[in-house]
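Numbering (our numbering), first residue to last: 3 to 275. The beta carbon of each residue, even a glycine, is placed where N, CA and C say it ideally should be.
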């Protein structure tokens, strides 16, 4: 990612220059590096898009700093975002839970838990991080950059949690809540679909959702029947009320079952005549 590389390259030039100057402590050099990062055009654009300004520039930079960058800059006391990630994980879970309770009043505890699981997971959170171009701001080691770390789901999800942790420590809960809803707004504007939606739940766990519907309607669960062929393909049929509803073939039995459940939900084929 060009933005990520340009930021790292400018920092490399800064460190080389600083290393030639005597009498400057590591802490002073770090302070100047933090100031350089915070004022970089990539960062300014990022913060402007989120409508956020940090009181502590150092705290924000910590939220962007991956361990691979810390390991390569041993002469400077950078901190990785791991501690902020730990804190932000709880904050993000709470904010999502609060959103679900307020916006889906008819859902019971079980569906609420599955819904939260569909929203608070590595893949989904990486999508959210991409919607705000978080990867372009991350401080990564050169090896991690070469391997595409700025677009890895795990790194993006972790850094998003770290960002929430940093905002809470810098601006309190109201600032964190404001950021949460701003990011949801950005995601929806870019994808023409809310981040927290029933469609996400259906994509994440369609089998459980279908089971809930058939239990509610018919007091029974769907039946999946699988036959394995010589070509390593599975034919999977799904039955509701003893009636075959849909069939498909796939190399993975689990993926076939998930596909069938998703299609039945999408087309409302669970509504028997």
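Euclidean distance between Cα positions of residue i and residue j
i           : j           : result
residue 98  : residue 43  : 31 Å
residue 252 : residue 265 : 15 Å
residue 254 : residue 236 : 7 Å
residue 78  : residue 175 : 31 Å
residue 115 : residue 87  : 22 Å
residue 50  : residue 238 : 50 Å
residue 120 : residue 136 : 21 Å
residue 48  : residue 102 : 27 Å
residue 111 : residue 205 : 19 Å
residue 95  : residue 197 : 14 Å
residue 168 : residue 107 : 31 Å
residue 1   : residue 54  : Absent from the structure is residue 1, since the part of the chain shown begins at 3 and ends at 275.
residue 185 : residue 38  : 25 Å
residue 15  : residue 35  : 11 Å
residue 234 : residue 247 : 23 Å
For residue i: DSSP bridge partner residues
i           : result
residue 227 : 239
residue 248 : 240
residue 67  : 141
Closest by C-alpha distance to residue i, when choosing among the options
i           : options           : result
residue 180 : 89, 193, 208, 52  : 52
residue 241 : 209, 18, 232, 14  : 209
residue 222 : 101, 59, 272, 120 : 272
residue 249 : 38, 225, 275, 234 : 225
residue 58  : 74, 46, 40        : 40
residue 191 : 133, 153, 256, 19 : 133
residue 154 : 168, 171, 131     : 131
residue 220 : 244, 83, 189, 74  : 244
residue 211 : 123, 268, 148     : 268
residue 170 : 85, 234, 205, 216 : 85
residue 123 : 144, 162, 193, 13 : 162
residue 82  : 62, 198, 91       : 62
residue 29  : 60, 15, 152, 9    : 60
residue 18  : 75, 194, 117      : 75
Local Cβ density within 10 Å of residue i, reported as buried at 16 or more and exposed below that
i           : result
residue 139 : buried
residue 2   : Nothing can be reported for residue 2, as the shown portion of the chain is limited to 3 through 275.
residue 232 : exposed
residue 100 : exposed
residue 157 : buried
residue 45  : buried
residue 141 : buried
Supposed contact pair residue j and residue i - C-beta distance, whole angstroms, cut 8 Å
i           : j           : result
residue 214 : residue 113 : 7 Å
residue 202 : residue 126 : 7 Å
residue 258 : residue 165 : Residue 258 to residue 165, Cβ: 38 Å. No contact.
residue 178 : residue 93  : 6 Å
residue 151 : residue 73  : Their Cβ separation, rounded to whole angstroms, is 13 Å, which puts residue 151 and residue 73 out of contact at 8 Å.
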